[in-house]
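Same order as they appear, the protein sequences are chains A and B. 1 is the number of the first residue of the first sequence in this note's numbering; add one for each residue after it. 126 is the number of the first residue of the second sequence in this note's numbering; add one for each residue after it. Working notes for the structure below.
2 protein chains.
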Amino acid sequence: MEEQVEMVGKAFVDHYYHLFDNDRPSLALLYQPTSMLTFEGQKIQGTDNIIAKLVQLPFQQCHHVISTIDSQPSSFAGGILVFVSGTLQLQGEDHPLRFSQMFHLIPTVEGSFFVLNDIFRLNYG
Amino acid sequence: MEEQVEMVGKAFVDHYYHLFDNDRPSLALLYQPTSMLTFEGQKIQGTDNIIAKLVQLPFQQCHHVISTIDSQPSSFAGGILVFVSGTLQLQGEDHPLRFSQMFHLIPTVEGSFFVLNDIFRLNYG
């Protein structure tokens with residue numbers, strides 16, 4: 001069970017940042033109308049608003065490199081919490097940005113997961 | 126409702142790090158046997174094991190300074206996700222350490238909250 005949680009967390013993270021770096025609008029597949037994103041303190045709700053925010057970020061190309069992934073069951077109905085740290089390299093920038101991000105994944109009736117909670121912060125300093 | 130989530134998150138964070146910095150064993154009040162802590166990748170379960178880990182950290186005195194607190198409802202029965210970033214100053218060390226931490230708070234029958242999920246990471250680099 002614990003191994004499965006780790007596997008789901010890692011597979012999700014690989015999938016999420018691959019889509020983010022290569023086809024950002026397709027991240028819409030991972031959210032639902034009840035999804036919440038807090039991006040650098042800004043609160044956004046629902047798939048359409050979340051994707052609009054992510055697509056309008058002030059860079060076209062980026063590359064995430066993951067440093068750590070920690071996953072835990074959130075204890076009801078198969079939910080999984082995933083905590084990620086890593087760096088974000090923007091095109092034309094010399095230095096990558098450090099970030100931390102957490103996701104709360106909820107099982108779907110189709111046997112997959114969607115992102116209910118998503119909180120993103122850059123780590124300055 | 127949204128304001129209440131923010132208020133609970135902030136009050137919890139203030140309380141948690143005040144206890145951590147001043148009376149670490151009393152953090153036991155905030156965990157339960159089902160609680161999970163992942164500390165720098167190490168998985169620990171249950172109040173007793175979690176407190177043993179926190180009390181045995183290789184420093185006696187420390188001071189947390191919080192930079193950001195982001196809170197969201199985790200959508201079932203009043204649960205709240207709290208995402209924290211800040212610095213940790215250890216006694217005798219010149220430079221504070223940056224950290225990120227997330228908590229999943231679950232309401233208790235007594236009208237308070239306990240920590241079901243706790244993930245802690247230092248932010249290097």
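Glycine included, each C-beta is placed from N, C-alpha and C at the ideal position. As the structure is a computational prediction, the values presented were derived from the model and not from experiment.
- Task: Put residue 200 of chain B into one of helix, strand or coil per three-state DSSP.
- Result: Mapped onto the second sequence, residue 200 of chain B falls at position 75. Note: residue 200 of chain B maps to coil in three-state DSSP.
- Item | Whole alpha helix (DSSP H) elements within the stretch 11-71 of chain A, 4-residue minimum | 47-55
- Message: Tell me the rounded alpha-carbon separation between residue 34 of chain A and residue 207 of chain B.
- Response: Your numbering for residue 34 of chain A matches position 34 in the first sequence. Your numbering for residue 207 of chain B matches position 82 in the second sequence. Cα-Cα distance, rounded: 18 Å.
- Quick one: is residue 124 of chain A buried, meaning 16 or more other Cβ sit within 10 Å of its Cβ, or exposed? As a position in the first sequence, residue 124 of chain A is number 124, starting the count at 1. The residue in question, residue 124 of chain A, is exposed, as its Cβ has fewer than 16 Cβ neighbours within 10 Å.
- Task: Answer yes or no: do residue 115 of chain A and residue 86 of chain A have a C-beta to C-beta separation smaller than 8 Å?
- Result: As a first step, residue 115 of chain A is located in the first sequence; it is residue number 115 there, counting from the start. As a first step, residue 86 of chain A is located in the first sequence; it is residue number 86 there, counting from the start. Taking 8 Å as the Cβ cut-off, residue 115 of chain A and residue 86 of chain A do not qualify as a contacting pair.
- Task: Take residue 165 of chain B and list the residues in its own chain whose beta-carbon comes closer than 8 Å to its own, dropping the five residues that flank it on each side.
- Result: Residue mapping note: residue 165 of chain B aligns to position 40 of the second sequence, counting from 1. Closer than 8 Å at Cβ, skipping near neighbours: 245, 246 and 247.
- Item | At least three beta-carbon pairs within less than 8 Å, the stretch 51-69 of chain A to the stretch 84-102 of chain A | yes
- Message: What residue range does the beta strand (DSSP E) around residue 112 of chain A cover?
- Response: By 1-based counting over the first sequence, the position of residue 112 of chain A is 112. From DSSP, residue 112 of chain A is part of no beta strand (DSSP E); its letter is neither H nor E.
- Message: Short of 7 Å in beta carbon distance, which residues of its chain neighbour residue 203 of chain B, apart from the five on each side in sequence? Order them along the chain.
- Response: Counting from one through the second sequence, the residue named residue 203 of chain B turns up at place 78. Once the five neighbours on either side are set aside, the close Cβ partners of residue 203 of chain B are 232.
- Task: Find the residues of chain A that neighbour residue 155 of chain B, judging by a C-beta separation of less than 7 Å, and give them in chain order.
- Result: Within the second sequence, the letter at position 30 stands for residue 155 of chain B. Those do not exist, as residue 155 of chain B stays about 16 Å from chain A at its closest Cβ, beyond 7 Å.
- When the Cα of residue 185 of chain B is compared with those of B:142, B:195, B:146 and B:130, which residue comes out closest? Your numbering for residue 185 of chain B matches position 60 in the second sequence. Comparing Cα-Cα distances from residue 185 of chain B to each of B:142, B:195, B:146 and B:130, the minimum goes to B:146.
- Item | Contact list for the stretch 213-234 of chain B against chain A, Cβ threshold 7 Å | 223, 225, 227 and 229
- Query: Just how far apart, CA to CA, sit residue 141 of chain B and residue 27 of chain A?
  - Reply: As a position in the second sequence, residue 141 of chain B is number 16, starting the count at 1. As a position in the first sequence, residue 27 of chain A is number 27, starting the count at 1. Spanning the two alpha carbons is a distance of roughly 35 Å.
- Taking Cβ-Cβ distances below 8 Å as the criterion, which residues of the stretch 163-178 of chain B are in contact with chain A? 163, 166 and 168
- Query: On the premise that residue 118 of chain A lies in contact with residue 36 of chain A, defined as a C-beta separation below 8 Å, what is that separation, rounded to the nearest angstrom?
  - Reply: Mapped onto the first sequence, residue 36 of chain A falls at position 36. Mapped onto the first sequence, residue 118 of chain A falls at position 118. 7 Å between Cβ atoms; contact.
- the stretch 51-78 of chain A: which residues have C-beta closer than 9 Å to a C-beta of chain B, in chain order? 67, 68, 70, 71, 72, 73, 74, 75, 76 and 77
- Excluding the 5 residues preceding and the 5 following residue 5 of chain A in the sequence, name in chain order all residues of the same chain whose CB lies nearer than 8 Å to its CB. The residue given as residue 5 of chain A occupies position 5 in the first sequence. Cβ neighbours of residue 5 of chain A beyond the five flanking positions: 71, 72, 73 and 80.
- In terms of residues, what are the limits of the beta strand (DSSP E) holding residue 211 of chain B? Mapped onto the second sequence, residue 211 of chain B falls at position 86. Per DSSP, residue 211 of chain B belongs to the beta strand (DSSP E) from 205-215.
- Query: Between residue 181 of chain B and residue 150 of chain B, what straight-line distance do the alpha-carbon atoms span, to the nearest angstrom?
  - Reply: Taking the first residue of the second sequence as position 1, residue 181 of chain B is located at position 56. Taking the first residue of the second sequence as position 1, residue 150 of chain B is located at position 25. Taking the straight line joining both Cα atoms gives about 10 Å.
- Using alpha carbons as the reference points, say which of B:138, B:127 and B:168 lies closest to residue 230 of chain B. The count along the second sequence starts at 1 and reaches residue 230 of chain B at position 105. Selected option, being the one with the closest Cα: B:138.
- Does residue 242 of chain B come within less than 8 Å of chain A when only Cβ atoms are used? On the second sequence, residue 242 of chain B is found 117 positions in, with the first residue counted as 1. Yes, its Cβ sits closer than 8 Å to a Cβ of chain A.
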